[in-house]
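Structure first, commentary second.
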Amino acid sequence: MRKQMRQLWTAGAVCTLLLAGCGSLEEGRQESQEETVENSLAQTGEAMEEENQMMTWTDSITELDEDFSAVSYEGDYGFDAFLRQGGASSDSQVVQFLTETMLSGTEGLSFQTEAFGCSTISAQAQSGGYLFGRNFDWNRCEALIVGSRPTQGYASISTVNVGFIRQGAGMLTGLALNSDQILTMAALYAPLDGMNEAGLAVSVNMIEDNAQIEQDTDRPDLTTTTAVRLMLNQAADVEEAVALLGQYDLHGSMGMMIHFAIADADGRSVAVEYIDNEMIVTETPVVTNFYLAEGEKQGIGTSQSHERYDTLMNLLEEQETLTTEGVRDALDSVSKHNFGEFESTEWSIVYDQQAKEARYYHREDYTKSWTFQIAE
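With the sequence shown counted from 1, adding 574 to any position gets you my numbering.
Below, the structure written as structure tokens:
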């Protein structure tokens, strides 16, 4: 297994303006939709002093904040071989591939996905190009930012909930046996969102529905997170991402219903959904946690996810373009503190799809951020 790593960690603190947030899946909002819209519009006109650190990459897991770390991997991590052998129709098959090929001797590894809530927004930037914002709502967890430069394919940045990656009875972190290597390798196959050097941004958003995604044709197979990895590695725009998904049978991790929010550097943004195991693409700048495709499923999801959607759409109707800070504030307007069900919006990201930069916020502290550049 060839692996070449770049050493880094330089941090330059600068004060700037920004925003973030994400919503939950459960109902019981504390504020009315009208109040949230008013608050979001007011916030976009305010200046929030923010300390931003410009980061470089490291080949060892480096802590940024409590339960919030970053790592970089350069080289072959076996994903092309994974695709050549037919992919995987379940998370357990992904783990089997990893333990037999890339992590020989590792025992008890598993992926355990649980319900989560998300909001995404695609907006034209005032400075040119496009911005993509993403919130991840879940119980308190450990998040890992992963920089990837594969031997073949696009460089990318992605985010992983370490709580979804387990070995034996506990999470991989803290293992005595090469835990950084094991966790990094597993994390490369478990992204929940990301952006590549072509400016393609992808997010997994859950839909609360009893239906499942289990496509069954003669095509090779992908799970939810390996589909994200495929798009980040091989797709330059929405058209290519959708075409790639159409070449595989998708299987929702842990039987969960999800849809993908996908946006590219040219401003096209879509939701890719699976209804009766048929892939349907809907043009939309906002995705939360209900079906957007026309038909009998349209609108199924929690009422609160509709409120988050309306909040973000109303903002886009009011403002044709946004700054990075404006996207941050838009995310903040639909983040956990507006609702009260989830313990935290664990991370928020603003992707600059032209500059190929990702700005991260942790647990709704929007006075502090970390910016990572995707090297071209």
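Idealized CB from N, CA, C, for every residue including glycine. Just so it is clear, the structure is predicted and the values come from calculations on it, not from any experiment.
Secondary structure note for D639: its beta strand (DSSP E) is the uninterrupted segment 636-639. DSSP, reduced to helix, strand and coil, places N709 within a strand of the structure shown. With a contact defined as Cβ atoms closer than 8 Å, R714 and T694 miss out at about 22 Å. Y848 and I787 have their alpha carbons spaced roughly 7 Å apart. According to the DSSP assignment, R933 belongs to the beta strand (DSSP E) that extends over 931-936. Burial of E881 is indicated by the presence of at least 16 other C-beta atoms within 10 angstroms of its C-beta. Per DSSP, the unbroken alpha helix (DSSP H) holding M887 starts and ends at 877-892.
In the DSSP assignment, the residues bridged to W921 are F710, H936. For Q808, the secondary structure class from DSSP, reduced to helix, strand or coil, is helix. Boundaries for A772: no alpha helix (DSSP H) harbours it, and the DSSP string shows neither H nor E there. For V844, the enclosing beta strand (DSSP E) starts and ends at 843-849.
When secondary structure is reduced to three states using DSSP, T733 falls in the strand class. For C692, DSSP records a beta bridge to F710. Assigned with DSSP and collapsed to three states, K910 falls in helix.
The Cβ atoms of K942 and E648 lie no closer than 7 Å to each other. In the DSSP assignment, L718 falls within the unbroken beta strand (DSSP E) covering 717-723. Its Cα nearest to that of E813, the residue A845 stands out among T791, M830, A845. When T630, T636, S922 are compared, the shortest CA-CA separation from T758 is found for T636.
At the C-beta level, A785 and M831 come within 7 Å of one another. Beta-bridge analysis with DSSP links Y865 to no other residue.
Nearest to Y728 by alpha-carbon distance, out of N770, E899, Q698, L796, is N770.
Considering only R933, Q821, L804, the residue with the shortest C-alpha distance to E899 is R933. Separation of H936 and L889 (C-alpha to C-alpha, rounded to the nearest whole angstrom) is 23 Å. Classified as buried, H833 has 16 or more neighbouring CB atoms from the shown chains inside 10 Å of its CB. N779 is bridged by DSSP to H833.
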